[in-house]
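One point on numbering: in full-length UniProt numbering, the residue at position 22 of the sequence shown is 22, and numbering is uninterrupted.
Heads up, the beta-carbon is just placed ideally off N, CA and C, and yes, glycines get one too.
The structure presented is a predicted model; accordingly, all values stated were derived computationally and were not measured.
In what follows, a structure is listed as structure tokens, so that the remarks can point back to it.
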Amino acid sequence: MNYKGWNEFEIGSLLFPFEKEGEKNVEKHAEERDYNSDNSYTASTAHWRVEKPVYNPEGCIHCYFCWLYCPDSSILVRSEKMTGVDYVHCKGCGVCVSVCPTNPKSLLMFNDHESEEAALASWPKKEEKK
Ligand code: SF4
Ligand code: SF4
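What follows is the structure in structure tokens.
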């Protein structure tokens, strides 16, 4: 297959990311879709992230606010439960952390190089109401 450079596309070009079934793929989980090579699912688009959201399932109430507000569809929900973050596409914007309503939050931003174990070990305690 010949790949085009970014400046070789016609203005207004559309890329169709699926081999077949078109929009029906959208009803499936991302890992089950029939992507072709014109997609950003199989390529990382998160290289410039400097902080990442870490998920702590302990206090999560599965409200899906993070999933709803993530501008990059990087919150993973399976079998009606929040299950984590897709770090191949998450840009580290922090919106998911802002909207998480639990106390303490169930998503917090950490340096992108921090291990999940270290992040979970430093999780803040519940804040008492004043
Ligand atoms: S940091 Fe931003 S891109 Fe990453 S999961 Fe949260 S809302 Fe989505
Ligand atoms: S917003 Fe917070 S509590 Fe709600 S599903 Fe996401 S991590 Fe869980």
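Legend entry - CB contact flag (residue 63, residue 95, <8 Å): no
Legend entry - Contacting residues, own chain, Cβ-Cβ under 7 Å from residue 60 (five flanking each side not counted): Around residue 60: 82, 102, 106.
Inset, instruction - Kindly indicate which residue of 26, 52, 37, 4 has the alpha-carbon position closest to the one of residue 84. - result: 52
Inset, instruction - For residue 64, verify whether its CB is less than 7 Å away from any heavy atom of ligand 2. - result: yes
Legend entry - Among 34, 58, 8, 11, nearest to residue 19 - alpha-carbon criterion: It is 34.
Inset, instruction - Check whether the Cβ of residue 83 lies closer than 7 Å to any heavy atom of ligand 2, and answer yes or no. - result: no
Legend entry - Backbone secondary structure at residue 111 - three-state DSSP: Here residue 111 sits in strand by DSSP.
Inset, instruction - Look up residue 76 in the DSSP assignment and say whether it is helix, strand or coil. - result: strand
Legend entry - Check whether residue 74 and residue 86 have beta carbons under 8 Å apart: yes
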